[in-house]
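Number of protein chains: 2
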Amino acid sequence: MFSIAQIMGNPNRDQEYLGKLQDYYADYRSIPSYAVIGDMLGMASKSAVSALIKRLTLAGYVEMTPDKRLAPTKRFFERELADFPIPAGMPAAANDAMSESLTIDEYLIPKPSSTIMVRIKGDSMIDAGIHDGDIAIVEKRHAASVGDIVVAVVDNEYTLKELGRDKQGYMLLPHNVDYAPIRPQEGLEIFGIMVGLVRKYR
Amino acid sequence: MFSIAQIMGNPNRDQEYLGKLQDYYADYRSIPSYAVIGDMLGMASKSAVSALIKRLTLAGYVEMTPDKRLAPTKRFFERELADFPIPAGMPAAANDAMSESLTIDEYLIPKPSSTIMVRIKGDSMIDAGIHDGDIAIVEKRHAASVGDIVVAVVDNEYTLKELGRDKQGYMLLPHNVDYAPIRPQEGLEIFGIMVGLVRKYR
DNA sequence: CGCGATAGAGAACATTCGTTCCACAAGCGT
DNA sequence: ACGCTTGTGGAACGAATGTTCTCTATCGCG
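As they're listed, the protein sequences go chains A and B.
Numbers 809 to 1010, taken from this note's numbering, label the letters of the first sequence in order.
Numbers 809 to 1010, taken from this note's numbering, label the letters of the second sequence in order.
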C-alpha cells in the first residue's frame, strides 16, 4: 500500500479531489461517472479524470468491483485526525476499530440479509453486560460454538443465552445468579448467534 | 413512501432479492450492473432486473443519483427490529407490520458533528454493563446531570464514570466494587456524556 | 379445465461509459 | 532561452449499460 504523497502527482491537489469525491459519496453513496467527476473537479476532459482515478486506485482509495465498477475502499473513508479533535490523552479514539468502516452499521453488520436486530427483554444475561432494553445484533445461522451467545429455540420459545456444554451435553447458560442453566429436553435448535450489542442511553 | 409489501409483486421474493443486494453492497459499497444483479439473483434477462429495480425504487430502497446511477437510499440500510422473544415464523423474511425499522447510526447518533466514539479501556464500569473493548458513543458537551455517564477530565486524564453528587459536591462513580469514587480536587470538567454503547462479539 | 394476469426470457436499440491516442500548455532545471 | 517532463484538452473508439419491445411460461382464480 502506498501513501497518497508517494503516488500522487500533486499531492495537495489530489487530496482535495479526493475530498470532493468523499463528499459526493457521502451524499449519494455512489461514485459518479468520469464526466461528472470532471465537472465536479473542474476538469474538462475525461483523460484527466482517468489519470486521477489511476492514481487513486494505486494509492488504495478506490478499487474496481468484480464487474468493473468503481467503488471506494476502506481507506476511502479514513478521516483526517483533524476531524477528531480529541485532546491529547483521550482514551484512544475508537478510530482504530472503526476506521475500517464508514458506519456502525457496517461495523456490526457484515451480512445484512441474514442479520436481524432484537430488543432484549429481561435480565437473565445481565452479568454478561446485556441489559433489558438493549438491542442484540443476531446473525441467523444454525451452527454455533460453545461460548457463543446464541438465540436458541427451547420448547417453542426463543431465548438468548450462552451456549455451554458438559459431559451430559449442550446447555444454555444464563448470566445471572438468579437463573439456572437450561438443559433442553429434546434437542436444541440454534436460531442465530449474537454478533453485536447496541445500547442507547437517553 | 410505500412498504415493500404494497409495491412488490411477490413480497417475499423481492425481500430476498433486496437482501442479496444489501449483502453485495456491504461487500463492495457499490450496486452492480443489471447483468451482475441478474447473475446474482438467478435472472437470465435484464428486463426482469429492470422491473425489480423499478419496484425497489418505488418502495424507496434505491434511487438514481443526479447522473443516473443507481444508489441505495437510507431505507436500504434500515433493519427490522424485533421484540424479544422473537415471534414464531420470524426466520422467514420479515414482512412488514413488524415493529420499527432503523439504522444503528441514526438510532445512536442524532448529532454526528458533536459525537465521537471512544473505545473503553479497563473494567471500572463493568457493573454498568460497560466492558473493556466496548465502544462508547459520546456526545460532546459540558453540561451533564447527576446520573449521566460522562467522560470527564480529571488531573489531565480522561475517564468514563457516572456523575454523582452528595453534600460535599460532585464526584465520579465507578461501577465496580474494586474502585472507589473519585472526588476531583479542583473542579470537574465534563468532556461529554455517553449516549450509546456498541459491542462487537467476534 | 380454461382464462387472464403476471413475470421472465431474449433480442434490438440508442446512449453512455472509460480507454486510448495525439497535440498542446505550463513548470522546471540546466 | 531552450528542451524536457508532466498534466490537461480534445476526439475517436469499442465495449458495456439500461430501456424497451415482443413472446412464452407460469401461477392464480373461477
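Ideal Cβ positions, reconstructed from N, Cα and C, are used throughout, including at glycine.
Contact list for residue i against chain B, beta-carbon separation under 9 Å
{"i": "residue 849 (chain A)", "result": "Residues of chain B passing the Cβ test: none, with the nearest at roughly 14 Å."}
Any chain B beta carbon closer than 8 Å to residue i
{"i": "residue 980 (chain A)", "result": "no"}
{"i": "residue 958 (chain A)", "result": "no"}
{"i": "residue 1005 (chain A)", "result": "yes"}
{"i": "residue 983 (chain A)", "result": "no"}
{"i": "residue 943 (chain A)", "result": "yes"}
Cβ of residue i within 8 Å of any chain A Cβ
{"i": "residue 868 (chain B)", "result": "no"}
{"i": "residue 891 (chain B)", "result": "yes"}
{"i": "residue 830 (chain B)", "result": "yes"}
{"i": "residue 1008 (chain B)", "result": "yes"}
{"i": "residue 827 (chain B)", "result": "yes"}
{"i": "residue 991 (chain B)", "result": "no"}
{"i": "residue 950 (chain B)", "result": "no"}
{"i": "residue 1000 (chain B)", "result": "no"}
{"i": "residue 937 (chain B)", "result": "yes"}
{"i": "residue 995 (chain B)", "result": "no"}
{"i": "residue 822 (chain B)", "result": "no"}
For residue i, three-class secondary structure by DSSP
{"i": "residue 835 (chain A)", "result": "helix"}
{"i": "residue 974 (chain A)", "result": "strand"}
{"i": "residue 958 (chain B)", "result": "strand"}
{"i": "residue 886 (chain B)", "result": "coil"}
{"i": "residue 914 (chain B)", "result": "helix"}
{"i": "residue 852 (chain A)", "result": "coil"}
{"i": "residue 829 (chain A)", "result": "helix"}
{"i": "residue 824 (chain B)", "result": "helix"}
{"i": "residue 987 (chain A)", "result": "coil"}
{"i": "residue 869 (chain A)", "result": "coil"}
{"i": "residue 1000 (chain A)", "result": "strand"}
{"i": "residue 842 (chain B)", "result": "helix"}
{"i": "residue 992 (chain B)", "result": "coil"}
{"i": "residue 862 (chain B)", "result": "helix"}
{"i": "residue 934 (chain B)", "result": "helix"}
{"i": "residue 874 (chain B)", "result": "coil"}
{"i": "residue 909 (chain B)", "result": "strand"}
{"i": "residue 982 (chain B)", "result": "coil"}
{"i": "residue 942 (chain A)", "result": "coil"}
{"i": "residue 963 (chain B)", "result": "coil"}
Interface partners of residue i on chain A, CB under 7 Å
{"i": "residue 875 (chain B)", "result": "840, 841 and 844"}
{"i": "residue 880 (chain B)", "result": "837"}
{"i": "residue 955 (chain B)", "result": "Within chain A, no residue comes near residue 955 (chain B); the closest Cβ sits about 10 Å away, beyond 7 Å."}
Residue i Cβ short of 7 Å to the ligand ZN heavy atom set
{"i": "residue 923 (chain B)", "result": "Absence of the ligand ZN is noted for the structure shown, with no ligands found whatsoever."}
Where residue i meets chain A, residues with beta-carbon distance less than 9 Å
{"i": "residue 888 (chain B)", "result": "924 and 925"}
Contact set between residue i and chain B, taken where Cβ atoms lie within less than 7 Å
{"i": "residue 972 (chain A)", "result": "Those within 7 Å of residue 972 (chain A) in chain B number zero; the least Cβ separation is about 16 Å."}
Per-residue contacts from residue i into chain A (C-beta, under 8 Å)
{"i": "residue 834 (chain B)", "result": "914, 917, 918, 919 and 920"}
Positions along the segment 908-926 of chain A whose CB lies within less than 9 Å of some CB in chain B
910, 911, 912, 913, 914, 915, 916, 917, 918, 919, 920, 921, 922, 923, 924, 925 and 926
Within 8 Å, do at least three Cβ pairs link the segment 910-919 of chain B to the segment 969-978 of chain B?
no
For the pair the segment 921-938 of chain A and the segment 862-878 of chain B, tell me if three or more CB-CB distances fall below 8 Å.
no
Below 8 Å, can you find three or more Cβ-Cβ pairs linking the segment 994-1008 of chain A to the segment 844-863 of chain B?
no
Using a Cβ distance threshold of 8 Å, determine whether the segment 955-963 of chain B contacts the segment 980-993 of chain B, with at least three qualifying pairs required.
yes
When the Cβ atoms of the segment 818-836 of chain B are set against those of the segment 857-865 of chain B, are three or more pairs found closer than 8 Å?
yes
Is it true that the segment 977-984 of chain B meets the segment 840-848 of chain B, where meeting means three or more beta-carbon pairs spaced less than 8 Å apart?
no
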